Structure formats: C-alpha cells, structure tokens
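Numbering (this note's numbering), first residue to last: 1 to 227.
Each residue gets a CB set at the ideal place from its N, CA and C atoms; glycine is no exception.
Please read all numbers here as calculations on a predicted model, not as lab measurements.
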Amino acid sequence: MSKQLAWQRRFRRWHKTIAIITAIQLLAWTGSGVFFAFVDIKKVRGEHHQRIDTRTLPAFAFPEFDEATAKQIAIRQRLDGEVILGVSVADSRQWLSVAGGPLEALSAEGALFMAGLQTDLAADTADWVDVDVIGSEYRGRPLPLWRVFNSGDPSLVAYVDAYSGQVTAIRSNAWRWWDFLWALHIMDYDDRDDIGTVLLKIFSVLAVLTAIAGIALYFLIPRKKSA
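As structure tokens, then:
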C-alpha cells in the first residue's frame, strides 16, 4: 500500500468519525443561523406591541436625598397622579414614594392598568412572580414582577415591575423559539447567557477539524489523468 493511499484512508476514517459527531450540532448552528437572519428581532422582542405613556407628569415637591450616596434619581408616574422616584445606589435601584418613603408594590389591578398604558395586549389576568428561575422568560429582570396577559391569548405575555410599573419584557412564541434556538446555537441549555461554554468550544474545534480533514481528502484523492 502506497504512503499516499494510507494517509488517504486515515483521513477518510478521521473525517467520517468527526463528521458524525458534529453533524447534528452543525445542523443546529445552520438552522438557527437561518432563523436569526430572517426573523425581525424587533418583533421577537415584542416592540410592535409597545405603547408610549403620554401622560403628563403632575407637579410634586422633590424630597431631599443624600447626594453622596444617590448616583441617579429617576422620576416616573405610576398610577394616575402618583409620582414615584427610583434612587440608584451602587448597582441597585430602590423605588420610593414622592415623600421619600418605601413604596408599596402594585396590586394586580394596578399592574393591568400599567400594562394597558404601555402595551396593546389588552391584558385581563395578572400572576405574581417572585421566584428567580434559571432560564426563565424574565431572567435578568429585578423581582418581584407581575406576569400579565389576555386570557384569550396566554402565549403573549408582558412582565411588569411590581414597584415601578414599567413593562420590563414582552414574551411571545416568536421569542420562545428564538430563545430555544439560541440555546442550541451557543450550547448553553441552562441560563442561555454563556457564549463560552465548554461544549461550544469542543464542537467548534471539531467543526474546524472536520473542514480540515475534508480539504485534506480533496488533495489526497488521486485524479484520473485525461486521455
């Protein structure tokens, strides 16, 4: 057996083995990439369901704060005529009443009212959310939240901050498909936020080796000479 033929068979065996191992993940990368390329990310995020709160901020007396600790102060109108203040200290934000005291969480009715101002969901149901679940639809959002939706279409959901009343996320089946395919794409099946997983690194290397083996086979296969 010639040396070239021996190397050719060896590369074929390596290429076949690596290709079988990586084929499913390569298909997942390609399929998810096609989905990401053709689907409008704004619709995935539910931006077309958002509305702008056009209410005018009522007059109020600004309370005193310790300027040495407060990095930023946000002013919002929550329920009609209710001004609230978001005081940012270090890496956290606390929502207070206009008098500077602790703010009570919104009721279910209040959350539905705030969702109606900021979305077109016509929500009629509100569920309290105060447990941080890995990989959840509301991951990364401060808790507690109200999960609001229309009972006629429970797949379209808005998450309302229980204190500020702001809609922090809108979730639909389009977003869930995106999230599922993103997990396949980055091979992070838990919180879907780590783009440097060990699995991703391993399969990336295997994909490169598959390509290299294929190119090597192309040059190692003997060509028939034309007559």
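- Look at the beta carbons and you see the region 85-92 not touching the region 121-135: under three pairs across the two are nearer than 8 Å.
- Contact annotation, L106 with V98: C-beta distance approximately 16 Å; criterion of less than 8 Å not satisfied.
- Nearest neighbour of P142 by Cα position, chosen from A126, D124, S164, turns out to be S164.
- Annotation: R171 to Q25 spans about 27 Å, alpha carbon to alpha carbon.
- Close CB contacts of P102 within its chain, under the 8 Å cut and outside five residues either way in sequence, are with L96 (chain order).
- Following the DSSP letters along the chain, one finds F180 inside the alpha helix (DSSP H) bounded by residues 173-186.
- For G116, there is no enclosing beta strand (DSSP E); the enclosing alpha helix (DSSP H) covers residues 108-118.
- A check of alpha carbon separations from Q72 across T30, V87, E47 identifies V87 as the nearest.
- Beta-bridge analysis with DSSP links F149 to T125, V157.
- The Cβ atoms of L117 and R76 do not sit closer than 8 Å to each other.
- Per DSSP, the unbroken alpha helix (DSSP H) holding I41 starts and ends at 41-44.
- Within 10 angstroms of the beta-carbon of W128 lie fewer than 16 other beta-carbons, which makes it exposed.
- Each residue's CA atom was taken as its position, placing V205 and I18 some 10 Å apart.
- Judged by DSSP in its simplified three-state form, L85 adopts strand.
- Exclusion of the five residues before and after G81 leaves P58 as the residues of its chain whose Cβ lies within less than 6 Å of its Cβ.
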